[in-house]
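Numbering (the working numbering), first residue to last: 4 to 433.
Ideal Cβ placement from N, Cα and C applies to all residues, glycine included.
Beneath this line is the structure, given in structure tokens, with notes to follow.
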């Protein structure tokens with residue numbers, strides 16, 4: 004046997020899976036409450052005890068260990084750019100595809116309210132973009148100078164107009180800010196170039212953010228530490244495209260329903276499937292991630308209730324209106340680490356998960372809007388990816404994995420004729 008131990012330090016739970024790579028078999032798995040708010044090593048020690056009980060001290064001790072983390076709020080980022088639909092959106096795509104949680108975005112020259120908003124968001128990292136190479140550089144330089152004059156002391160990644168980098172870096176470093184420079188996320192109009200920024204964000208997470216959150220204290224026990232969403236993104240790409248030894252599954256959608264967020268990943272071109280369609284907006288990356296910070300079924304249960312309404316949540320859970328008060332009280336007092344115990348609690352979790360999947364996928368997929376264009380007549384304007392032809396949906400995260408009917412939850416990701424403008428998969432397998 005060749006054993007590998009894979010660990011995920013999550014916001015709610017710390018999970019571990021031991022895999023026999025040669026036999027392609029899971030030999031042990033365990034989950035314990037996360038302790039990142041105290042000492043991440045406590046949760047890790049408890050996890051290892053659980054795994055030793057299922058295997059042996061020797062196997063757990065000798066197994067190479069790889070870890071990822073979304074704990075302590077994940078990687079909280081703010082993106083600053085020039086135009087909302089261009090450099091700001093390019094920055095958002097780079098951040099999301101690096102495993103970050105984009106908690107805010109600012110377009111144009113920052114004013115006092117924007118600076119106050121930025122400070123209130125308390126980001127772990129700032130991505131400063133703006134201007135194509137050789138284009139506008141005044142805005143990104145102005146924002147760098149303004150940012151340098153604040154008390155915000157987090158790393159700043161410069162990923163904008165290369166002709167403005169020297170002045171931006173100088174202004175920020177003069178005031179003691181930590182600066183990392185990478186390539187422009189949009190070197191020319193409508194040209195997306197996010198891979199260098201994505202890799203830089205991942206590196207800064209490992210070098211700086213993990214240390215600040217105390218997650219680095221386990222680095223003497225694990226061989227690799229990376230943001231959980233980044234790990235999933237790479238897994239999605241491999242599942243879809245395969246390896247030299249094994250064919251992939253083809254274009255697919257992965258939905259990760261968690262306690263703090265619901266993340267949706269797609270691997271697919273998403274190009275128009277009809278002739279009378281015009282694409283609008285930036286090109287979409289083949290492998291795309293969106294993160295929904297208001298759709299966690301534990302930390303954000305009340306947010307889900309507010310978004311869908313109690314009537315819809317009761318319908319998703321299979322309850323009558325008479326259960327509304329009890330369900331609301333449950334959502335209001337639900338501890339993040341609590342698992343469902345009674346049958347009706349499992350049903351509430353199912354309702355929350357169905358709502359999270361439905362809303363998360365609706366936000367991820369592209370959409371169509373009917374427009375009249377002189378000389379062309381009625382035409383559809385497509386924004387985002389058309390995933391109607393996608394054939395595979397994979398569900399993960401505790402609320403899906405431990406559900407009695409996981410397919411009923413994932414079915415919320417399927418195309419709905421009542422909302423035909425949303426380009427969700429039409430006939431997928433789960």
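From residue i to residue j, what distance separates their C-alpha atoms?
i	j	result
residue 240	residue 325	45 Å
residue 10	residue 266	19 Å
residue 362	residue 433	18 Å
residue 195	residue 61	48 Å
residue 128	residue 156	9 Å
residue 121	residue 153	10 Å
residue 114	residue 294	28 Å
residue 393	residue 125	38 Å
residue 246	residue 231	21 Å
So what does DSSP say about residue i, is it helix, strand or coil?
i	result
residue 295	strand
residue 307	helix
residue 323	coil
residue 423	coil
residue 48	helix
residue 197	coil
residue 173	helix
residue 25	coil
residue 399	strand
residue 80	strand
residue 123	helix
residue 416	helix
Taking buried to mean at least 16 other C-beta atoms within 10 Å of its own C-beta, is residue i buried or exposed?
i	result
residue 96	buried
residue 204	buried
residue 373	exposed
residue 257	buried
residue 27	exposed
residue 344	exposed
residue 420	exposed
residue 14	buried
residue 269	buried
residue 277	exposed
residue 123	exposed
Do residue j and residue i count as a contact pair if the criterion is CB distance below 7 Å?
i	j	result
residue 390	residue 417	no
residue 16	residue 48	no
residue 191	residue 135	yes
residue 444	residue 221	Outside the shown range of the chain, which is 4 to 433, sits residue 444, and nothing can be said about it.
residue 399	residue 297	no
residue 385	residue 282	yes
residue 63	residue 46	no
residue 169	residue 101	no
residue 94	residue 107	no
When the Cα of residue i is compared with those of the options, which residue comes out closest?
i	options	result
residue 143	4, 164, 157	164
residue 183	292, 147, 141, 152	147
residue 271	158, 253, 141, 265	253
residue 317	12, 335, 353, 301	353
residue 80	132, 33, 327, 259	132
residue 340	302, 357, 234, 309	302
residue 238	397, 7, 347, 194	397
residue 175	188, 149, 193, 187	149
residue 388	378, 110, 280, 322	280
residue 105	277, 206, 111, 92	92
residue 275	160, 424, 413	424
residue 234	24, 209, 159	209
residue 21	145, 53, 41	53
Beta carbon of residue i: closer than 6 Å to some heavy atom of the ligand NAP?
i	result
residue 417	Although the ligand NAP was asked about, the structure shown includes no ligands whatsoever.
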